[in-house]
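Below: one structure, written as structure tokens.
Number of protein chains: 2
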Amino acid sequence: MTAYLKSFPILEVNVYLEDIDSPADLRKLSFGELLGLANEIREAILNRVSKIGGHVGSNLGMVEATVALHYVFDSPVDKIVFDVSHQSYAHKILTGRKAAFLDDSQFKTVTGYSEPRESVHDHFTIGHTSTSISLACGLAKGRDLLGGKENIIAVIGDGSLSGGEAYEGLNCGAKLGSNLIVLLNDNEQSISDVNGGLYDHLTELRKSNGTSANNIFKALGYEYFYLEQGNDLEALIGLFGAVKNVNHPVVVHIHTRKGRGYALAENNREDWHWFPPFYLESGEKRRKVTGENYDTLVADYLLKKMPDNPGLIAMVAAVPLTIDLKKANRLKAGRQFMDVDISEQHLLSMAAGIARNGGTPVVATFSTFFQRAYDQISQDICINSLPVTMLVRNGSVWAGNDVTHIGWFDLALLSNIPNLVFLCPTNCEEYFAMLEWSLGQRKHPVAIRIPRNGVHHASGPVACDYSELNRFLVTKKGTNVAILALGDFYQMGEDLASAIKAEFEFEPTLVNPRFATGLDADLLLSLAKHHDIIVTLEDGILDGGFGQKIASFYGASKMKVLNYGLRKEFVDGYNVNDLLEKYGLTPRNIIGDMVRLGFLR
Amino acid sequence: MTAYLKSFPILEVNVYLEDIDSPADLRKLSFGELLGLANEIREAILNRVSKIGGHVGSNLGMVEATVALHYVFDSPVDKIVFDVSHQSYAHKILTGRKAAFLDDSQFKTVTGYSEPRESVHDHFTIGHTSTSISLACGLAKGRDLLGGKENIIAVIGDGSLSGGEAYEGLNCGAKLGSNLIVLLNDNEQSISDVNGGLYDHLTELRKSNGTSANNIFKALGYEYFYLEQGNDLEALIGLFGAVKNVNHPVVVHIHTRKGRGYALAENNREDWHWFPPFYLESGEKRRKVTGENYDTLVADYLLKKMPDNPGLIAMVAAVPLTIDLKKANRLKAGRQFMDVDISEQHLLSMAAGIARNGGTPVVATFSTFFQRAYDQISQDICINSLPVTMLVRNGSVWAGNDVTHIGWFDLALLSNIPNLVFLCPTNCEEYFAMLEWSLGQRKHPVAIRIPRNGVHHASGPVACDYSELNRFLVTKKGTNVAILALGDFYQMGEDLASAIKAEFEFEPTLVNPRFATGLDADLLLSLAKHHDIIVTLEDGILDGGFGQKIASFYGASKMKVLNYGLRKEFVDGYNVNDLLEKYGLTPRNIIGDMVRLGFLR
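If you read the sequences in order, they're chains A and B.
For the first sequence, our numbering gives the first residue as 259, with consecutive numbering after it.
For the second sequence, our numbering gives the first residue as 259, with consecutive numbering after it.
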């Protein structure tokens, strides 16, 4: 091994790991051997993440704590719940899944999150933050109701303590009156910087070596333990041993080093929170990203616009890189940027407040994380009709394919909220025209799906004004079949139109609906004159989505409507093309359906 | 005035209030006169709530603090955000809306919540808890971006501090670096009892007169002030004066008496949190509730079932009366009951944990509050396919008609979540059969809408087993027209069927779909044989709901589908019959549509 691994002695790989198939095997090792094992685990993690990407920093930081947890506690009888579960790699290695880290051909046998289908040591499929204490409260209460005796451990940290549910869990857990161990992995970091008052308090606790009179955990009713050396295996084992089988709720606060053992990750904790495949020696990405991307384009756009628009503010909850607001860009934006830590509910309500007081908030996060704030979007923003612009990233089949991070539910979730205008652009120019329009108006809450199927450019001018709501755009006037292709599936609509024209010698009509939140009744009625068939395409689940509204609109008429989109199901780690094929989302299949139904011949 | 008002000297009504049309008028009064005014406000509140019902306890407790706020601060330039806004009655009285409390004919001119359309002193329509600090953070940030100087005050308390968003707001607000005043109204109470560790901490702060070294607000970065005499007008004015124009975030913790001034409400704070119309002298309800109701029926059912099912647990977030779990019933249930305070996210995740560890959780809350936990239902419960039973109360047009509490969005919200089984019973026996089935199975997350259109009884036996999902039930076999009438609209379906039969001399088919989360493809295909028309009826918004799925199913066929349901819009204070008429939800209108379309003649 080479210089990139600096913080621990280099050992021959897998001397110890070879014999570890379950946590029980750990207890056969001496303390010195456990240290060696920790190094092997670190190398196994680096082997995997350097080749297929993953959460680097927090997993490297949690190696010793995870070894100690499994040394002291008796999993799966004792139950460990990893918050977000993105820092469960060492846990996976120790619970029968090491091959997925050591053997490149087996990487795909495990996900990057805890997964009960993989192992009895995992109790939930988890991917969103701040739920671990609540889930652990539930495990503890279930145990107490049914007379169990096991330890229940929630492992939280790496930013997730700022999420409100963590506090709700702490509030409730404090009074359970039985065993509940909250292990706080404090690595001084969220995904990006830490910002809120909580983090100053954690600093106060660290600086006082846990002795500060002011202590939020004690305030909420927990016995509290602090360990400054959160990567010290011996100390961790001692501490966990001391709290094992406690009969009341405790918080064990350990100070770990994010990225521990891989110098690059230690020194740049934000970038190395999650990292794509890279060369271990240099840290260089294996795949160079070239060409345009929407993250950078939107960051440039906002930064350019800010000086003349003092009320404009870009807001994120811990994921500024979502729209390329890396440190340099954040400094440029100054007070016109805000990262509220992981707290999506607060993020959206605060945006409502800013809009109410004259500001122009742009909120960006992942489709899957907007789910956390449905109520705030509905109540604070939409009931109040406040001009908040929401940029929905990864709302697409072409985005993250972890089951917990699927982004296709946003259309069904958000498009049925009254007063919201949900725009689905079909190319780059249209996206920015929609954004520009949204920022210039004060009447509507607006969500815009950031395109995810590549940066397509418009072939001609795009509309600047979207204030006449729900006006669909006919982009190719034809007959017989009208294809309504929403957002990212517009290009599929183009392909379908071309394929029909080529094969059946007529030109179908192609429509860019632009709006997912309402129907263009005039256009739909006019289509009835020269069309018999409507095909809808949407990059979202069919249930509750766009196409079903079209089907309902034409329900009493002669018009035939075929809805194409994704299915209402949780799929994990899918391949996009396979999934599109499975769901019949190819021009060939759609034409096949129409032929089979006798609509095309 | 009489003996029911015990805590303050009785004055002739409206000597002072008469001259108060805006907060500025307050400053013309002497201190003694302000005290008199406070009494008049209290009587005005009692006048309204005793006649039309409302939030009694917290409003009586907040009278002095509200007078002091408006005396010291300069609303609407200074902006006050009332959390939940159910304790803003005194604020309404002081800001030009006193007639809605004094003049019985004008009660309906104001809502029970803050409402910008009523007054420039209200900044948001608010009805869900724990958002005030986040909204205030937004107002403060908007001010700072645009160069304003006003004070921003969030008034929180009466239970809402346990909601995670309050903590997210505190975390963020601590670091805003400018004026932000969080007024904590601590009345020792949530809606029901207080339960979590937070409340012990508030007790610690009260008992130490705010001097406890441990202080969660200081921990999070706030300057902190405590006032034990939270109903002492002079002290309140002094304290608010001291924090006016502060240049940093502060928490002002005041200890008030819930129900203050009305002995019954002071002595039974849970029952008097919200109270229906009552006689002031006796506290007796004006309308006696007689006959069966689902709250009591389900409480009786659960309490009866608990002794033999130690894993069964009834869970609520601060609203145990939702299912009649009043104190006596809670004592009976013992550890098989849990109130997690206001914290819906935690509630649902914790239920997932209980189910994972073998327990059988039944979670009950209002339709509108499930919105807070969409993400937890989707991720923790449904991705994990955990047997959590969710009882959705007020999911109906016949329930609460405040815009923030509309319950009709649940079908569109929940029915599009994969793995969830959403059941809509049509009568009492079916409801309990569904509940019994849900509690006996371990495969599915189940939501059940508690009927809201009266306790209808089944005319014959109902199905016990719902494990074959998405099987619709044909209750009347007919021809030509098939009516699919979901849940609470089933009786409307019966009426429609009868009206068609009477007028058109054929018997339509009537279907009880039972499941809102999937289609019975076999049945739908078989209907195509002897039917041309499908009518769907649902007590939820059409967009994203049940009927549109049916329309999509038949989209490529000859079947005509007419969807009837509620519209995607926010309406406030509606009259049910007017709304049903407006939405065309009457047998007469539906028949009219079919005649107009030529489907019936």
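Even for Gly, the Cβ is constructed at its ideal location relative to N, Cα and C.
Bear in mind that the values here come from a model prediction, so they are computed numbers and not experimental data.
query	result
8 Å Cβ cutoff, Ser540(B) in contact with chain A	no
Leu754(A) classed as buried or exposed, judged by whether at least 16 other C-beta atoms fall within 10 angstroms	buried
Buried versus exposed call for Glu301(A) [16 or more other C-beta atoms within 10 Å across all chains shown]	buried
Whole-angstrom distance between Ala774(A) and Met852(A), CA atom to CA atom	25 Å
Nonlocal neighbours in the same chain, by C-beta distance under 7 Å from Gly617(A), ignoring five residues either side	Gly569, Ile571
Under 9 Å from the C-beta of Ala610(A): neighbouring residues of chain B	Phe382, Thr389, Ser392, Leu393, Gly396
Delimiting residues of the beta strand (DSSP E) encompassing Ala412(B)	410–415
CA-to-CA distance, Arg285(B) to Leu843(B), given in whole angstroms	52 Å
Beta carbon proximity, Leu589(A) to chain B, threshold 8 Å	no
Beta-carbon spacing of Gly422(B), Gly479(A) below 8 Å	no
Val739(B) beta carbon less than 8 Å from that of Ile758(B)	yes
Where Asp836(A) falls, given that 16 or more other Cβ within 10 Å makes a residue buried	exposed
Ile439(A) - partner residues in DSSP beta bridges	Ile411(A), Val508(A)
Touching by the beta-carbon criterion (3+ pairs, under 8 Å), the segment 811–823 of chain A and the segment 808–816 of chain B	yes
Within chain B, partners of Gly569(A) - CB distance below 9 Å	Gly400, Leu403, Leu404
Val321(B) and Ala358(B) closer than 8 Å at C-beta	no
Close beta carbons around Ser377(A), own chain, < 7 Å, minus the five adjacent residues each side	Thr353, Gly354, Arg355
For Ile612(B), the three-state DSSP class (helix, strand or coil)	helix
Segments of 4+ residues assigned as alpha helix (DSSP H) that fall wholly inside the segment 537–623 of chain B	552–563, 585–591, 602–614
DSSP three-state assignment for Met354(A), whether helix, strand or coil	The question names Met, but residue 354(A) in the sequence shown is Gly. Here Gly354(A) sits in helix by DSSP.
Whether Val440(A) touches Ile391(A) by CB criterion (8 Å)	yes
Length of the line joining the Cα atoms of Thr260(A) and Thr369(A)	Bear in mind that a pLDDT of 43 at Thr260(A), under 50, signals an unreliable position, so the number given afterwards is only what the model happens to contain. Near 28 Å, if we compare the C-alpha coordinates of Thr369(A) and Thr260(A).
Thr684(B) - DSSP class collapsed to helix/strand/coil	coil
Under 7 Å from the C-beta of Lys476(A): neighbouring residues of chain B	Asn472
Cα-Cα separation, Leu666(A) to Leu419(B)	A small correction: the amino acid at residue 666(A) is Trp; Leu does not occupy that position in the sequence shown. Their Cα atoms are separated by approximately 33 Å.
Contact with chain A by Phe828(B), beta-carbon distance below 8 Å	yes
8 Å Cβ cutoff met for His459(A) and Ile474(A)	yes
Cβ-Cβ separation, Leu318(B) to Ala576(B) (assumed contact under 8 Å), whole Å	About 19 Å; that fails the 8 Å criterion.
Spatial distance of Thr367(A) from Lys350(A) (CA atoms)	11 Å
Alpha-carbon spacing of Gly803(B) relative to Ile641(B), whole angstroms	21 Å
Assigned secondary structure, Glu481(A) (DSSP; H/G/I helix, E/B strand, else coil)	strand
Residue ranges of each beta strand (DSSP E) within the segment 326–402 of chain A, 3 or longer	337–340
Neighbour-count burial assignment, Leu275(B), 16 or more Cβ in a 10 Å radius	buried
Backbone CA spacing between His344(A) and Asp790(B) [nearest angstrom]	53 Å
Contact list for the segment 628–656 of chain B against chain A, Cβ threshold 8 Å	Gln629, Arg630, Tyr632, Asp633, Gln634, Ser636, Gln637, Asp638, Cys640, Ile641, Asn642
Reference Thr324(A); option with closest CA among Glu528(A), Val339(A), Asn711(A), Ser308(A)	Val339(A)
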